[in-house]
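Visitor:
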Amino acid sequence: MDIELPVRLGRLGELAYNVWWSWRPEASWLFEYLDPALWELTYHNPVKLLRQISPAKLDAAAVDPVFLRRMDGVMLSFDRCLRGSGTWFSEQYPHLASHTIAYFSAEFGVHSSLPIYSGGLGILAGDHCKEANDLGLPLVGVGFVYPQGYFHQRISPEGRQDAVYERFDYNAAPIEPLITRETSGRPLALHLDGRTIHVSVWRVRLGSVSLFLMDTDVEENEPWDRELSARLYGGDQETRIRQEMVLGIGGVRLLETLGIRPAIYHANEGHAAFLMLERLRSLVQSGMSFDSAVEHVRATTVFTTHTPVPAGHDAFPFQLVEKHFDGYWDSMGLDRESFLKLGGHEDAHGGMSFNMTALALRLAGHRNGVSEVHGRVSRNMWTSIWPELQEDEVPISSVTNGVHTPTWVAPEIDRLYTKHLGPDWLQKHDDPTLWERIDAIPARDLWEVRQQLKRKLLAFMRERARRGWMSEGRSPLHVLTAGTLLNPEALTIGFARRFATYKRALLLFSDIERLKSILHNEWRPVQIIFAGKAHPADGPGQALVHQVNELARDYNLGGRIAFVEDYDMHVAKYLYRGVDVWMNNPRPPLEASGTSGQKAALNGVPHLSVLDGWWYEGYQGTNGWAINADVPEYATDDERDEADAAEIYRLLEEEVAPLYFDRDADGIPRRWVSLVKEAIRLAAPVYSARRMVKEYATRMYLPAMAAAEQAERE
Ligand SMILES: *Cc1c(COP(=O)(O)O)cnc(C)c1O
């Protein structure tokens, strides 16, 4: 934190380096106030802002009584957060404060300035950690920094996706060196895989929660080891297995080096499952029998699986595992055979491979999917691990995902809730009875804020298009498809997610004539905004991006289809808040949970979706729309696609648009606003990270902590 600041503003640097500011509107206000234009230009990155701002502006702020008073107020609550007193966990379980939970994840989505996430899985991890701070849970995160991050998406003049990697600038993000050559003389040495791999360790602060992030791109390493953490989800199988060894095994040793002795380990998805092997090895080395070690590791490990798509689970060929773990099994007290058995699972081709999910399911005693449907799908998918059990007895439960409310609520909506639900609404936002008061918000006020958020989204899109046009010489067609023809009066549908074929991004286009009649309806115009990346290795996904962009360019569709480039947390915030309806139509049951619809609903954007993931639980008939709620089992995917597309058209024509455009004498769509209130009332408390993390705590962390204590005593 070598940022020069006037003495009176000294603590702003500390605040910029703690992502806590990002979910406290009064804290981000400070940075915005300093230089609103620079704030937009830096994509809301206070570290960059403080480095680039003119000294004159800082000097002015240092004597501005309004600014100083507000800054001092923010610092008071910042200090309160760092002390961690008065939180749910510290009040309910004060005796457990020293029982650290180590949360391992290959990605963390905490802020767009930290390119260490690709999508839903990472954002969920970020939200989990932020909420752990808010609830006062003693949690630390373990993961990677990827010096080239995840790619940025550019749409080429032909409408295709180009993947652009930018080198991560450590000086322009809220990340501090912890064990690096600069701080400690040398990076951390890990003896792994028959040699030494060096990792720099960095820290990201989320209030009182720390994420410890490893980076292998250090001079001490061989070139191929330097590449290990270069990119998120890049590289071949060999890179992947070594990456995961650094994450799982290196991560456990890193915590040891830092003097942190977790009571519980939580593996977010199978990528981190090697941590369980390392814990076994260390217990066996300390003299425990293998069986007791397994029992102990099981009792104190939580594993969350996220993928209902079979190909989405990491699996490595046995010979690759042997190559990298040769000798390791000896120190676990195992032979080759029994070691490979720990991860052995039949793969899609009928052969056996080392499956990271199978490994985690065998070694973690607390296992869950991320929605009720996904729990059921997972039990079905993994019956072979428990051949003696009936499918419904397979010990995989579910904790439905939720989103970090303070991160995802729009400041404008926050102000409405503060006024009508009460100034302490955030403190008790997982209490459904609080939300019964939603009716107190006057329809006119809610409608006005909704319209304002839509204008903000369209302005954001226009400004991006304008900048591309001005500075990068983008083509006029590009400027158009970026959304410059969108109309703030039209019913606006948002669709943003990773472009993978099972998400069916093109479903809406299956009957172009019918779509045209919906979009071009003179009295009830409709427009659709798309966003999303396709994995650079996913050819069919990239073809979809191309097709959507071609359709957006089709003059027959009249500029009513737009595509926003480079979907990330920054774009996401404008989108979820600014559209009128959030749409999701994957092929069930392949959506594990989905969280974007939860973020939308929190902001008063109802969901139109197939009954899959969270919406299977969340849909109550009055708070949005279900596409084909009572579907028969379809014989083929094509039949299902056809039926779902027809139902989407029908819903838009007969229900959604008529409701939206049914206005009273004051121009307010009363019945629409009632539905918006229902969307909020039913989703906001339940699909919050607060409800989710409390559930993890009471159902898994607490029993695991008890088991850890028991083991200590023995
Ligand atoms: C919330 C979020 C996601 C996950 O949304 P899904 O509904 O699971 O597709 C992906 N990307 C970003 C940037 C998000 O904010």
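Per this note's numbering, the sequence shown starts with residue 9, numbered consecutively. Where is the CB? At the ideal position from N, CA and C, for every residue including glycine.
1. With Asp355 as the anchor, note down where its beta strand (DSSP E) starts and where it stops.
2. Sorted by chain position, which residues of the same chain lie with C-beta nearer than 6 angstroms to Gly352's C-beta, five sequence neighbours on each side aside?
3. Only counting the same chain, and skipping five residues up and downstream in sequence, which positions put a Cβ closer than 8 angstroms to that of Val664?
4. Compute the distance between the beta-carbons of Pro596 and Val613, then report whether it is under 8 angstroms.
5. DSSP has Thr204 in a bridge; who is on the other side?
6. Closer than 7 angstroms: is that where the CB of Ala140 sits relative to any heavy atom of ligand 3?
7. Provide the residue span of the alpha helix (DSSP H) that contains His486, from first to last.
8. Assign His103 to one of three DSSP states: helix, strand, or coil.
9. When the Cα of Val305 is compared with those of Gly335, His274, Pro316, which residue comes out closest?
10. If you reduce the DSSP assignment to three classes, tell me which class Ser518 lands in.
11. With a cut-off of 8 angstroms, do at least 3 Cβ pairs link the segment 489-503 to the segment 620-629?
12. Note down, in chain order, each residue of its chain lying with its Cβ closer than 7 angstroms to the Cβ of Arg579, except the 5 sequence neighbours on either side.
13. If you drop the 5 nearest sequence neighbours on each side, which residues of the same chain put their C-beta closer than 8 angstroms to that of Val172?
14. Mind checking whether the beta-carbon of Lys331 lies closer than 7 angstroms to any heavy atom of ligand 1?
15. So, using beta-carbon positions, are His382 and Asp135 closer together than 8 angstroms?
16. Taking the beta carbon of Leu397 as the centre, do at least 16 other beta carbons fall within 10 Å, making it buried, or is it exposed?
17. Going by DSSP in three states, Gln169 sits in which element: helix, strand or coil?
18. Could you give the first and the last residue of the continuous beta strand (DSSP E) run that contains Asn363?
19. When we look at the beta-carbon of Ala319 and count the other beta-carbons within 10 Å, is it buried (16 or more) or exposed?
20. Using alpha carbons as the reference points, say which of Ile11, Leu371, Gln327, Leu485 lies closest to Phe311.
21. Can you give me the C-alpha to C-alpha distance between Val153 and Met222, rounded to a whole angstrom?
22. Please classify Arg88 as buried or exposed, where buried requires at least 16 neighbouring CB atoms within 10 angstroms.
23. Nearest by alpha-carbon distance to Lys511: which of Ala600, Ala719, Asp67 is it?
24. Output needed for Ser392: all residues of its chain with C-beta closer than 8 angstroms, excluding positions within five of it in sequence on either side, in chain order.
25. What do you get for Tyr563, buried or exposed, if any count of 16 or more other CB atoms within 10 angstroms of its CB means buried?
26. Within its chain, find whatever has a CB closer than 6 angstroms to the CB of Gly481; leave out the 5 residues flanking it on each side and keep chain order.
27. Between Val317 and the rest of its own chain, which residues show a CB-CB distance below 8 angstroms, the 5 nearest in sequence each way excluded?
28. Tell me Tyr273's beta-bridge partners as DSSP assigns them.
29. Return the chain-ordered ranges of every beta strand (DSSP E) run that is complete within the segment 624-703 and spans a minimum of 3 residues.
30. Ligand 1 and Asp576: does the residue's C-beta get closer than 7 angstroms to at least one heavy atom of that ligand?
31. Does any residue of chain B bring its CB to less than 8 angstroms from the CB of Glu40?
32. Select from His107, Gly157, Ile109 the residue whose C-alpha is nearest the C-alpha of His119.
33. Go ahead and label His103 buried or exposed: buried means 16 or more other beta carbons lie within 10 angstroms of its beta carbon, across all protein chains shown.
34. In terms of DSSP beta bridges, what is Pro185 paired with?
35. Please confirm whether Leu263 and Ala110 have their CB atoms less than 8 angstroms apart.
36. Output the distance between the C-alpha atoms of Asn179 and Gln60, rounded to the nearest integer angstrom.
Guide: By the coordinates alone:
1. Looking at the DSSP string, Asp355 is not in any beta strand (DSSP E), and its letter there is neither H nor E.
2. Met360
3. Leu499, Val589, Leu616, Trp633
4. no
5. His199
6. Among the ligands modelled here, namely ligand 1, ligand 3 does not occur.
7. 484-487
8. helix
9. His274
10. coil
11. no
12. Before going on, a small fix: residue 579 reads as Val here, not Arg. Excluding positions up to five away in sequence, the list reads Ala539, Val572.
13. Phe159, His160, Gln161, Arg162
14. no
15. no
16. exposed
17. strand
18. 360-363
19. exposed
20. Leu371
21. 6 angstroms
22. exposed
23. Ala600
24. His353, Glu354
25. exposed
26. none
27. Tyr510, Leu598
28. Ala110, Thr309
29. 632-635
30. yes
31. No chain B is present in this structure, which holds just one protein chain.
32. Gly157
33. exposed
34. Trp210
35. yes
36. 12 angstroms
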